[in-house]
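Taking it in order: structure first as structure tokens, then the write-up.
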Amino acid sequence: MDEETIVKPEVGIDPDKEEINICLLLTISNLSNFTTVYIPRLFKQFSEAFLSDMTNDLETLMDVVEQLDTLLLGDYIKRKAEIISEIIQTGVLSGKVDWLTAPKPTGG
Numbered sequence: 001m002d003e004e005t006i007v008k009p010e011v012g013i014d015p016d017k018e019e020i021n022i023c024l025l026l027t028i029s030n031l032s033n034f035t036t037v038y039i040p041r042l043f044k045q046f047s048e049a050f051l052s053d054m055t056n057d058l059e060t061l062m063d064v065v066e067q068l069d070t071l072l073l074g075d076y077i078k079r080k081a082e083i084i085s086e087i088i089q090t091g092v093l094s095g096k097v098d099w100l101t102a103p104k105p106t107g108g
């Protein structure tokens, strides 16, 4: 690709947050599939082709992918938790409910 075909984001425009969440979930899903299907297959082919034991390398790669998965999922959860926290704080502190006279919840 040359310089003219590369799409560059405009300065000051934030990417759509929902789009980021979708990308995160797709990446996490793809990592899971990559880990269970493709990595073992590739390592098996490499081991057979080069007649070498790659068990340690496979374990290391699986650990790295698991850490990446944990990091991405943590980021996704953090984003959603911030939104939920803001909704709850706004609802509780908005002043629309008189908490002093509001009925107490029952075990229903």
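First residue of the sequence shown: 1, per my numbering; consecutive thereafter.
For every residue, glycine included, the Cβ atom is placed at its ideal position computed from N, Cα and C.
Bear in mind the structure is a predicted one, so any value in this text is a computation, not a measurement.
Which of helix, strand or coil does DSSP assign to residue i?
| i | result |
| --- | --- |
| S94 | coil |
| G74 | helix |
| D53 | coil |
| T101 | coil |
| T60 | helix |
For residue i, I'd like the list of residues in its chain whose CB is within less than 8 Å of its CB, leaving aside the five on either flank, ordered along the chain.
| i | result |
| --- | --- |
| D57 | F43 |
| S52 | F46 |
| I28 | D69, L72, L73, Y76 |
| M62 | T35, I39 |
The alpha helix (DSSP H) spanning residue i covers which residue range?
| i | result |
| --- | --- |
| T27 | 17 to 33 |
| I40 | At residue 40 the sequence reads Pro, which differs from the Ile that was named. It spans 39 to 50 - the alpha helix (DSSP H) in which P40 sits, taken as one unbroken run. |
Determine, using beta carbons only, whether residue i comes closer than 8 Å to chain D.
| i | result |
| --- | --- |
| S85 | You won't find chain D in this structure, because it holds only one protein chain. |
Which residues in the same chain as residue i place their Cβ atom closer than 7 Å to its Cβ, once the five residues preceding and following it in sequence are excluded?
| i | result |
| --- | --- |
| N21 | Y76, R79 |
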